[in-house]
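>
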Amino acid sequence: MHRRPRRRHPPPARGAPGARHASPGPLPRGARRSRRRPRLPARGGRGVSALDALLERRLVVCVGPGGVGKTTTAAALALRAARAGKRALVLTIDPAKRLADALGLEGLDDRLQPAPGVAPGTLHAAMLDTKQSFDALIGRIAEGEARERILDNRVYQAFSKTLARSHAYVAAERLYDVMHGGEFDLVVLDTPPTRNALEILDAPSRLAQFLDEGVLKWFLEERRGLGGTFASLAGMGGAAALKLLGKLAGDTIVDELVAFFRVLAHLREGFQHRAEVTRGLLRDEATAYLLIASTAPTSMDDARHLAEQLAERHLPPELVVFNQSWVPEPGADHPLEPPGARPTLSEDALNDLAARLLALRAELLQAQEDALQAARRFRDEVAPGVAAVAIAERDHDLRTLGELEAMLEATLTL
500 MHRRPRRRHP PPARGAPGAR HASPGPLPRG ARRSRRRPRL PARGGRGVSA LDALLERRLV
560 VCVGPGGVGK TTTAAALALR AARAGKRALV LTIDPAKRLA DALGLEGLDD RLQPAPGVAP
620 GTLHAAMLDT KQSFDALIGR IAEGEARERI LDNRVYQAFS KTLARSHAYV AAERLYDVMH
680 GGEFDLVVLD TPPTRNALEI LDAPSRLAQF LDEGVLKWFL EERRGLGGTF ASLAGMGGAA
740 ALKLLGKLAG DTIVDELVAF FRVLAHLREG FQHRAEVTRG LLRDEATAYL LIASTAPTSM
800 DDARHLAEQL AERHLPPELV VFNQSWVPEP GADHPLEPPG ARPTLSEDAL NDLAARLLAL
860 RAELLQAQED ALQAARRFRD EVAPGVAAVA IAERDHDLRT LGELEAMLEA TLTL
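Residue numbers (this note's numbering): 500 to 913.
#1: Taking Cβ to Cβ, would you say residue 561 is nearer than 8 angstroms to residue 890?
#2: Buried or exposed: which applies to residue 797, given that a residue is buried once 16 or more other Cβ atoms fall within 10 Å of its Cβ?
#3: Measuring CB to CB, does residue 574 end up less than 8 angstroms from residue 602?
#4: With the cut-off set at 8 angstroms, would you say residue 683 and residue 782 are in Cβ contact?
#5: Count the other C-beta atoms from every protein chain shown that fall within 10 angstroms of the C-beta of residue 813, then say buried if there are 16 or more, exposed otherwise.
#6: Since residue 607 and residue 618 should fall inside the 8 angstroms C-beta cutoff, what is the C-beta to C-beta distance between them, to a whole number of angstroms?
#7: Could you compute how far the alpha carbon of residue 823 sits from the alpha carbon of residue 754?
#8: Could you check how far apart the C-beta atoms of residue 671 and residue 702 are, in whole angstroms? I think they sit under 8 angstroms.
#9: Per DSSP, what kind of secondary structure is residue 590 in: helix, strand or coil?
#10: State buried or exposed for residue 597, treating a residue as buried only when at least 16 other CB atoms are found within 10 Å of its CB.
#11: Taking the continuous alpha helix (DSSP H) assigned at residue 800, which residues delimit it?
#12: According to DSSP, is residue 849 part of a helix, a strand, or is it coil?
#13: Using DSSP with H/G/I as helix, E/B as strand and the rest coil, what is residue 622?
#14: Hey, would you say residue 888 sits closer than 8 angstroms to residue 815, going by beta carbons?
#15: Which residue's Cα is closest to the Cα of residue 564: 882, 802, 878, 758?
#16: Does the distance from the C-beta atom of residue 789 to that of residue 677 stay below 8 angstroms?
#17: Do residue 900 and residue 636 have their C-beta atoms within less than 8 angstroms of each other?
#18: Ends of the beta strand (DSSP E) at residue 909?
#19: Between the C-alpha atoms of residue 810 and residue 878, what's the straight-line distance to the nearest angstrom?
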């Protein structure tokens, strides 16, 4: 399904509305005033409203390069939804112990764990563990003896731990589970770095194709019998392959391989249905894609590649976020003067120090303005008509719910 065309947003004025800057006043002796004075953006502002629009969706998929704060941004967005009274879940695929610490949890695993102290809504978090999530999946779709045969099967155990893209497959299945459980108003899906994120988006289609045309049908052919659907070896091609595999790996492995595919064939219809539904979820109008990057050139290159791949899948981002991309003016809670005794300096030394600090500040401001301009060009070239926001830098990892919540307040619209 093609998404509805986005409404173009008029370019906003720089900085937050109502932001006031102190007059620079007279310069100390020896200091020169720059002819062009870029200014630090103020805290808060219109960028928050662009993020708040995402809270009305059912699913927000956070994608982007590695090291840009996707996990933190995903958690902050889910927390903001919970503070607005929604039942929110952040489902992280990229392990991050810091996230658990900030949410007040001892650790994250496949279980849906509630974060304490969140109101009026609720916030749950879970981290996908491939083996644990696969076992839980088998427990949901298989019953009794069939479930035990799969879990005890050595081929399944290797499959669930090491199969290429198995993480993506189980992520898609887990997404199906939480979206159809009816427990949450908003699910925020955190993804691995760029190329692995694309595997998650493609996993439902790949799984459906595998179950319909791939190795499963090559080994097994479905027939009808008195007991319902069962599987048998498909002709001489499969038999010859299994005979060769038996010589290489042993008959026991071959027996377990056949048993694994036999049970998988029995569950094929359920797998295919879930894969098709999940593929629809990822393309639904109630789903939004949040592209997260930084203003570093390598990050924007990776984000550009991802945006192109999303466009090919007709899944354009709803919003582009440049994380930790500007430094707000220090306020009363961030005094410039360190505690302790002030050093005794001569007037000339103080003037020289002030001049150096002002020159350094001007250089930093100019570098920051250049980075924000690069972010605006990226937005115009890669995602025209899509809103873009910048989140302020932090001087330490987020350690509490309060710090996580405040993260999205220091945001401006580009």
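A virtual CB, placed ideally from N, CA and C, is assigned to each residue, including glycine. For clarity, every value in this text was computed on a predicted model and none was experimentally measured.
Taking the definition as stated:
#1: For the purposes of this step, residue 561 is taken as the residue at position 62 of the sequence shown. For the purposes of this step, residue 890 is taken as the residue at position 391 of the sequence shown. No, Cβ-Cβ distance for residue 561 and residue 890 is not below 8 angstroms.
#2: The residue labelled residue 797 in the question sits at position 298 within the sequence shown. When all chains shown are included, residue 797 counts as exposed.
#3: Stepping through the sequence shown from its first residue, residue 574 is reached at position 75. Stepping through the sequence shown from its first residue, residue 602 is reached at position 103. Yes.
#4: Here residue 683 refers to the residue found at position 184 when the sequence shown is read from its first residue. Here residue 782 refers to the residue found at position 283 when the sequence shown is read from its first residue. Cβ distance not < 8 angstroms, so residue 683 and residue 782 don't count as in contact.
#5: Mapped onto the sequence shown, residue 813 falls at position 314. Exposed is the call here.
#6: On the sequence shown, residue 607 is found 108 positions in, with the first residue counted as 1. On the sequence shown, residue 618 is found 119 positions in, with the first residue counted as 1. Wrong, their Cβ atoms sit about 21 angstroms apart, outside the cutoff.
#7: Within the sequence shown, the letter at position 324 stands for residue 823. Within the sequence shown, the letter at position 255 stands for residue 754. If I take the Cα positions, the gap works out to 54 angstroms.
#8: As a working note, residue 671 is residue 172 in the sequence shown. As a working note, residue 702 is residue 203 in the sequence shown. Yes, they are in contact, since the Cβ atoms of residue 671 and residue 702 sit about 4 angstroms apart, within 8 angstroms.
#9: The sequence position of residue 590 within the sequence shown is 91, counting from 1. Three-state result, residue 590: strand.
#10: Numbered from its first residue, the sequence shown carries residue 597 at position 98. Residue 597 should be labelled exposed.
#11: Working through the sequence shown from its first residue, we reach residue 800 at position 301. Start and end: 796-811.
#12: Counting from 1 along the sequence shown, the entry for residue 849 is found at position 350. Looking at residue 849 - three-state DSSP - the assignment turns out to be helix.
#13: Numbered from 1 along the sequence shown, position 123 holds the residue referred to as residue 622. Here residue 622 sits in strand by DSSP.
#14: Mapped onto the sequence shown, residue 888 falls at position 389. Mapped onto the sequence shown, residue 815 falls at position 316. Contact flag unset, no.
#15: For the purposes of this step, residue 564 is taken as the residue at position 65 of the sequence shown. Considering only alpha carbons, the answer is 802.
#16: Indexing the sequence shown from 1 puts residue 789 at position 290. Indexing the sequence shown from 1 puts residue 677 at position 178. Cβ atoms of residue 789 and residue 677: not closer than 8 angstroms.
#17: By one-based count along the sequence shown, residue 900 stands at place 401. By one-based count along the sequence shown, residue 636 stands at place 137. Their beta carbons are not under 8 angstroms apart, which means residue 900 does not touch residue 636 by this criterion.
#18: In the sequence shown, residue 909 corresponds to position 410, counting from 1. In the DSSP assignment, residue 909 falls outside any beta strand (DSSP E), carrying neither H nor E.
#19: Reading the sequence shown from its first residue, position 311 is the one you call residue 810. Reading the sequence shown from its first residue, position 379 is the one you call residue 878. Going by the C-alpha atoms only, they are around 14 angstroms apart.
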